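Visitor: Under my numbering, the first residue of the sequence shown carries the number 2, and numbering increases by one thereafter. We put the beta carbon where it would ideally sit given N, CA and C, even for glycine. Note that the coordinates shown come from a computational prediction; the quantities given were computed from them, not determined experimentally. Next up is a structure, given as structure tokens.
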Amino acid sequence: MEVTFITLPKAARAFSFPPPLKSPVSKAVEAPKLRSLSAQSSSAIENSLVQKNEHLTSKSIGNEPAQEAGANEDLKGQYKAAIRAAIQRKWQQLGQSSVHGKCTLQFTQSAGGAVTTATTDDCDLPTEERARLEAAVLMAQPLPYKGYESVFTAEIEVRF
2 MEVTFITLPK
12 AARAFSFPPP
22 LKSPVSKAVE
32 APKLRSLSAQ
42 SSSAIENSLV
52 QKNEHLTSKS
62 IGNEPAQEAG
72 ANEDLKGQYK
82 AAIRAAIQRK
92 WQQLGQSSVH
102 GKCTLQFTQS
112 AGGAVTTATT
122 DDCDLPTEER
132 ARLEAAVLMA
142 QPLPYKGYES
152 VFTAEIEVRF
């Protein structure tokens, strides 16, 4: 049996598995650093969100009602897309078949995204697939709500 040794580049040798164990003292020293970095990251994210909110608020102040309605329609479209994506993910987890068809899912939800009823109408999917789709909307709850309060509607219709 012939054995061949391969020399890895220095960059590849820099990482070892499993990583070397650190002493409890080094962990105690690193913990405050990690907390500080985490706080800085959270603060940076929060500041970014505040700036975006201020930017959006300043844009909407003094706008014509038609422009505000357009922005509201954009948010409504984003809301429906977020709901559709959440349901689609669960549907795929349930084993969405490769059968293609059109289906309209109608459901009722309460504020916060809790689904109370779900039915499929105008649907050319097989019965099993319809049942999976109805189950997917129940499994996807709570559906997206935060940030969409202004365009929330209790009765929604989503086409798949």
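What's the call for Q93, buried or exposed, on a 16-neighbour Cβ count within 10 Å?
Guide: To locate residue 93, count along the sequence shown from 1; it is residue 92. When all chains shown are included, Q93 counts as exposed.
Visitor: Three or more C-beta pairs under 8 Å: does that hold for the region 140-151 against the region 111-118?
Guide: Judged by Cβ distances under 8 Å, the region 140-151 makes contact with the region 111-118, as three or more pairs qualify.
Visitor: Taking Cβ positions, are A119 and L139 nearer each other than 9 Å?
Guide: Residue numbering aside, residue 119 sits at position 118 when the sequence shown is read from its first letter. Residue numbering aside, residue 139 sits at position 138 when the sequence shown is read from its first letter. Yes, these two residues count as a Cβ contact at 9 Å.
Visitor: What is the rounded straight-line gap between the Cα of K77 and the Cα of L95?
Guide: In the sequence shown, counting from the first residue as 1, residue 77 sits at position 76. In the sequence shown, counting from the first residue as 1, residue 95 sits at position 94. C-alpha separation (whole angstroms): 27 Å.
Visitor: Classify A86 as buried or exposed, calling it buried when 16 or more other Cβ atoms lie within 10 Å of its own Cβ.
Guide: On the sequence shown, position 85 is the one that residue 86 refers to. Classification of A86: exposed, given that the 10 Å Cβ count is below 16.
Visitor: So L134 and G102 are supposed to be a Cβ contact under 8 Å. How far apart are they, rounded?
Guide: As a first step, residue 134 must be located in the sequence shown, where it is residue number 133. As a first step, residue 102 must be located in the sequence shown, where it is residue number 101. 10 Å between Cβ atoms; not a contact.
Visitor: Where do the N-terminal and C-terminal ends of the alpha helix (DSSP H) with A136 fall, by residue?
Guide: Taking the sequence shown and counting its residues from 1, one reaches residue 136 at position 135. Unbroken alpha helix (DSSP H) run through A136: 128-140.
Visitor: Within the continuous beta strand (DSSP E) that includes Q107, where are the two ends?
Guide: Within the sequence shown, numbered from 1, the residue matching residue 107 stands at position 106. Per DSSP, Q107 belongs to the beta strand (DSSP E) from 105-111.
Visitor: Distance check for A72 and E130, CA to CA, integer angstroms please.
Guide: As a working mapping, residue 130 is identified with position 129 in the sequence shown. As a working mapping, residue 72 is identified with position 71 in the sequence shown. Between E130 and A72, the C-alpha separation is close to 35 Å.
Visitor: Kindly indicate the opening and closing residues of the beta strand (DSSP E) around E156.
Guide: As a working mapping, residue 156 is identified with position 155 in the sequence shown. Run containing E156: 156-160, per the beta strand (DSSP E) assignment.
Visitor: Ordered along the chain, which non-local residues of its own chain (more than five positions away) have a Cβ less than 6 Å from that of V116?
Guide: Position 115 of the sequence shown, counted from the first residue, corresponds to residue 116. Excluding residues within five positions, the ones whose Cβ falls inside 6 Å are F108, Q110, V138, L139, Q142.
Visitor: Using the three-state DSSP reduction, which class does D125 fall into: helix, strand or coil?
Guide: The sequence position of residue 125 within the sequence shown is 124, counting from 1. Three-state result, D125: coil.
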